[in-house]
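Under our numbering, the first residue of the sequence shown is numbered 1074, with each subsequent residue one higher. For glycine and all other residues, C-beta sits at the position ideal for the given N, C-alpha and C. Report on the structure given below.
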Amino acid sequence: MTAHPSLRAVSDLHVGHRGNADVIDDIRPAHPGDWLIVAGDVAEKTDHVIGALGRLADRFERVLWVPGNHELWIASDDEGITSTTKYDRLVDACRAIGVDTPEDPYPLWTGPGGPAWVVPMFLLYDYSWTRSPGQSRAAALAGARERRVVASDEFLIDPAPYPDAAAWCSDRLVATTTRLAALDPRHPTVLVNHWPLLRAPTEVLRHPDFALWCGTDQTADWHRRYRAAACVYGHLHIPRTTVHDSVRFDEVSLGYPREWAARGRPDPLARQILPAPDHRQVRWIRGGDGLPRIARPDDDGPDLEEER
């Protein structure tokens, strides 16, 4: 156990995947007073999501959850409901087990590195991160389909009563900015969203078209506008830390076994957000096969230049 509590974060656990079924066992506090952010994509099935969050809530002093796209997917056991209805049910279920959601008052972290508002958000995407600057949404989506890059969200998310995900996103942006503007400006924020707030982290994607389903231009200045001490996200399955305008952006995802079996996985899984760590918790180096991989804690190999 560490001497002081910390604010930690993890995302993209995908506990419904056979290879990730036991990953919750590896996520434990380093201090009894630790808080844990879970930044989306816990699982697709509601009972898997709530079961995992309930186990984490039993260990950590406080757990805060935001939905990812996988929580919004409508499967056979969700027949008769929409993604908006499913989200509302997940919020109610989280509240029943004492887990904070984007619909609850933003808590103030007063431990080391604080005080800071911890802001769980649900913002979605609006297809504005097109492959070419100024490209229309219709042209960008058509080009992505031609290149056979189409997110499963297009088939599995039902945004009704909104006409599409972009309209739902617009509504979420308005509601969230209203609440952010009301926060006491004396304290910085930790902004938490499943999708990155900046487009820059998507520049390393193997398929650039996938950025269409990764965020919105509308949040590009939020880290400055809302006094962010750190921004936490997942979704890309590329765990790392980057700095933009002197603000730390932490991608805290785990992802799937096929991804981390070859490149390694973050250690520890629950990354420290506050107080600001005194070293990079995830380092990427060039492996013996020439491919990027996550360095082991005792690995003194050089960092990849693009991750600096």
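Assuming the contact rule is C-beta atoms closer than 8 Å, residue i and residue j should be a hit. Round their C-beta distance to whole Å, please.
i: R1272; j: A1284; result: 7 Å
i: H1077; j: A1116; result: Incorrect: roughly 32 Å between the Cβ atoms, too far for contact.
i: G1288; j: L1264; result: 12 Å between Cβ atoms; not a contact.
i: L1137; j: Y1160; result: That pair is no contact at about 16 Å.
i: P1193; j: V1139; result: 5 Å
I need the straight-line Cα distance from residue i to residue j, nearest angstrom please.
i: W1182; j: L1347; result: 9 Å
i: T1119; j: D1085; result: 15 Å
i: Q1354; j: P1339; result: 8 Å
i: L1342; j: I1100; result: 6 Å
i: R1381; j: I1358; result: Only weak support is given to the placement of R1381: the predicted model assigns it a pLDDT of 37, under 50, and the question is left unresolved by the model.
i: V1320; j: P1188; result: 17 Å
i: A1163; j: L1129; result: A small correction: the amino acid at residue 1163 is Leu; Ala does not occupy that position in the sequence shown. Each residue's Cα considered, the two are about 16 Å apart.
i: D1095; j: N1266; result: 24 Å
i: L1382; j: I1110; result: Within the shown structure, residues of the chain are numbered from 1074 to 1381, placing residue 1382 beyond reach of any answer.
i: H1121; j: H1087; result: 9 Å
i: C1242; j: T1157; result: 12 Å
i: D1165; j: V1172; result: 10 Å
i: Y1306; j: F1322; result: 8 Å
i: D1371; j: D1098; result: 23 Å
i: I1154; j: H1296; result: 35 Å
i: A1148; j: D1351; result: 43 Å
i: E1379; j: T1275; result: Since pLDDT at E1379 reaches only 46, below the 50 mark, its modelled position is unreliable, and the value read off the structure follows with that caveat. Each residue's Cα considered, the two are about 13 Å apart.
i: R1081; j: G1184; result: 12 Å
i: P1258; j: R1298; result: 10 Å
i: Y1198; j: T1292; result: 10 Å
i: A1248; j: A1349; result: 29 Å
i: G1089; j: R1132; result: 21 Å
i: A1169; j: R1252; result: 23 Å
i: R1218; j: F1228; result: 13 Å
i: A1303; j: W1268; result: 14 Å
i: L1364; j: H1308; result: 21 Å
If you measure between the beta carbons of residue i and residue j, is that distance less than 8 Å?
i: R1313; j: E1324; result: yes
i: E1134; j: D1107; result: yes
i: V1223; j: H1280; result: no
i: R1300; j: P1261; result: yes
i: D1150; j: R1220; result: no
i: G1141; j: Y1329; result: no
i: V1191; j: P1175; result: no
i: V1083; j: R1344; result: yes
- Task: Ignoring anything shorter than 3 residues or poking outside the segment 1146–1210, list the beta strand (DSSP E) runs there in chain order.
- Result: 1189–1193
- Item | Ordered list of beta strand (DSSP E) runs contained in the segment 1255–1283, each at least 3 residues | 1262–1265
- Item | beta strand (DSSP E) runs contained entirely in the segment 1310–1343, provided each spans 3 or more residues | 1313–1317 and 1320–1324
- Identify every run of the beta strand (DSSP E) within the segment 1106–1140, keeping only runs that are complete inside it and at least 3 residues long; order them along the chain. 1108–1111 and 1135–1138
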